[in-house]
Each structure stands twice: as C-alpha cells, then as structure tokens.
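Worksheet for the structure shown next.
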Amino acid sequence: MKGPAADAPPDPGEPRTADFEPLALRRVFGAFPTGVTALAALRDGAPVGMAASTFVPVSLDPPLVSVCAALTSTTWPRLRTADRLGVSVLSAGQESASRRLSSAGADRFAGLGWRSTPSGAVLLDGAAAWFECSPVRELPAGDHVIALLRLHAMSAAPDPRPLVFHAGGYRALAP
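Read in UniProt numbering, the sequence shown has 116 at position 116, and its numbers run on one by one without any break.
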C-alpha cells in the first residue's frame, strides 16, 4: 500500500493550525451520539427549564454529573441559583419535549407532564431516568460553562429507552 488512504483521518500527531468553522465543528461533533436531558427547577413557583445534550456522569464518590450551558443562555442563570435541579433523561419519543425546552420565548412546559420534588427540582413524566441535583461548581469552557451537579436522588424507568441526538437529528436505540 502506498501512502495514506484518501479517506483516512489525519495523523493525530500532525500539527494543525486551521481555524474551525462553527458549521464544520457541529457536523464533526455530531458524529458522537449523545443522550438528551431536561434541566428544570421551580423558580418563583413556576417551572423553568432547558434541554441539554451535554450531560456526563463524572464521579461515583461523591456522586457528580456535569452539564454544559451556553454563555448566551438566558435560562441557565435562573437555574444555577436553584437549591435543587431536576435532570430528566429524555426517552425515545420525547423529541417534542426536547424541541420545546430548546425553544426561545415560548411556554416551554405547555403540554408537558411534570412534577416537582419538595425541594423544587422539576422532573418530566415519561423520562428514561431522573436525577435530583444541586449545583456545586462552574468552570468556564470557551463559549459554554461546565456545571458540576451533586446527586441527591435518582430513579430510572424499568426498561429505559433514551432519546439520542446524533448527526443533527433525534434517534432511538435499537432494541
């Protein structure tokens, strides 16, 4: 075989100085499938929430997870000061909930079933899993903030089938 294949990825050790265009980054980042979560809490007696596909389990001891929020988010500043946040791992079939929680200006909870915990975390009905968390720390990360959340309670559906975001669209895992 002579030389690298035309479709082979570049050598990771090869220095790169290219400026990355946002659309190209989104396309390549989109090759990595992620789950979709809803972050929500009661604020002034009403549910406030947003969708996030950057949920990551971080630590077993202490139990920590992380989520990322854009610096331009107008929802995260309202959620970050809540005593408790609900993180709902959306199920296959909850695409409309994800779209609703990603929309600007609309009543994001219209038509969504939800419940709140005594401490004010909001959990979506029908989710694959639920976590009740409290914000612990934030770390700046470019145009986002990484938020570390400590777990206080959790539960999962008996046969969880999560919603997956991949290549710019929603997918479900095959059984």
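Glycine residues also receive a C-beta, built at the ideal position from the N, C-alpha and C atoms.
Exercise. M1 by DSSP, collapsed to three states: which one?
Worked result: The residue given as residue 1 occupies position 1 in the sequence shown. Its pLDDT being 49, under 50, M1 is placed unreliably by the model, and nothing is read from it.
Exercise. For the beta strand (DSSP E) that E138 lies in, which residues bound it at each end?
Worked result: Numbered from its first residue, the sequence shown carries residue 138 at position 138. Boundaries of the beta strand (DSSP E) harbouring E138: 129 to 141, taken from the DSSP string.
Problem set entry | Chain-order list of residues whose beta-carbon lies under 6 Å from that of S53 (same chain, five-residue window excluded) | Taking the sequence shown and counting its residues from 1, the one referred to as residue 53 is at position 53. Counting only residues of its own chain and dropping the five nearest sequence neighbours on each side, S53 has a CB closer than 6 Å to the CB of T34, V36, F165.
Exercise. In whole angstroms, what is the alpha-carbon distance linking S116 and L173?
Worked result: In the sequence shown, counting from the first residue as 1, residue 116 sits at position 116. In the sequence shown, counting from the first residue as 1, residue 173 sits at position 173. Approximately 28 Å between the Cα atoms of the pair.
Exercise. Exposed or buried, what is R99 when buried is set at 16 or more other beta-carbons lying within 10 Å of its beta-carbon?
Worked result: On the sequence shown, position 99 is the one that residue 99 refers to. When all chains shown are included, R99 counts as exposed.
Exercise. Between G113 and D125, is the Cβ-Cβ spacing less than 7 Å?
Worked result: Residue numbering aside, residue 113 sits at position 113 when the sequence shown is read from its first letter. Residue numbering aside, residue 125 sits at position 125 when the sequence shown is read from its first letter. Result yes, Cβ atoms of G113 and D125 sit closer than 7 Å.
Exercise. If you drop the 5 nearest sequence neighbours on each side, which residues of the same chain put their C-beta closer than 8 Å to that of E95?
Worked result: Within the sequence shown, the letter at position 95 stands for residue 95. So the qualifying residues of the chain are L163, Y170.
Exercise. Just curious, the alpha helix (DSSP H) that P22 is in, first and last residue?
Worked result: Stepping through the sequence shown from its first residue, residue 22 is reached at position 22. Run containing P22: 22 to 29, per the alpha helix (DSSP H) assignment.
Problem set entry | Residue interval of the beta strand (DSSP E) (run including A38) | Position 38 of the sequence shown holds residue 38. Segment 37 to 43, the beta strand (DSSP E) holding A38.
Exercise. Would you call R84 buried or exposed, if buried means 16 or more other Cβ atoms sit within 10 Å of its Cβ?
Worked result: Within the sequence shown, residue 84 is the residue found at index 84, counting from 1. Classification of R84: buried, given that the 10 Å Cβ count is 16 or more.
Problem set entry | Beta-carbon proximity of F131 to V87, cut-off 7 Å | If you number the sequence shown from 1, residue 131 lands on position 131. If you number the sequence shown from 1, residue 87 lands on position 87. Yes. Within cutoff.
Problem set entry | Distance between S155 and P57 (C-alpha atoms, nearest Å) | As a position in the sequence shown, residue 57 is number 57, starting the count at 1. As a position in the sequence shown, residue 155 is number 155, starting the count at 1. Near 15 Å, if we compare the C-alpha coordinates of S155 and P57.
For this session: Pull up the distance between the alpha-carbon of S134 and that of G168, whole angstroms please.
Result: For the purposes of this step, residue 134 is identified with residue 134 of the sequence shown, where counting begins at 1. For the purposes of this step, residue 168 is identified with residue 168 of the sequence shown, where counting begins at 1. Taking the CA atoms as reference points, S134 sits about 30 Å from G168.
Exercise. How close, in whole Å, do the beta carbons of A40 and S91 come, if the pair is a contact with beta carbons under 8 Å?
Worked result: The residue labelled residue 40 in the question sits at position 40 within the sequence shown. The residue labelled residue 91 in the question sits at position 91 within the sequence shown. Contact doesn't hold; Cβ gap of about 15 Å is too wide.
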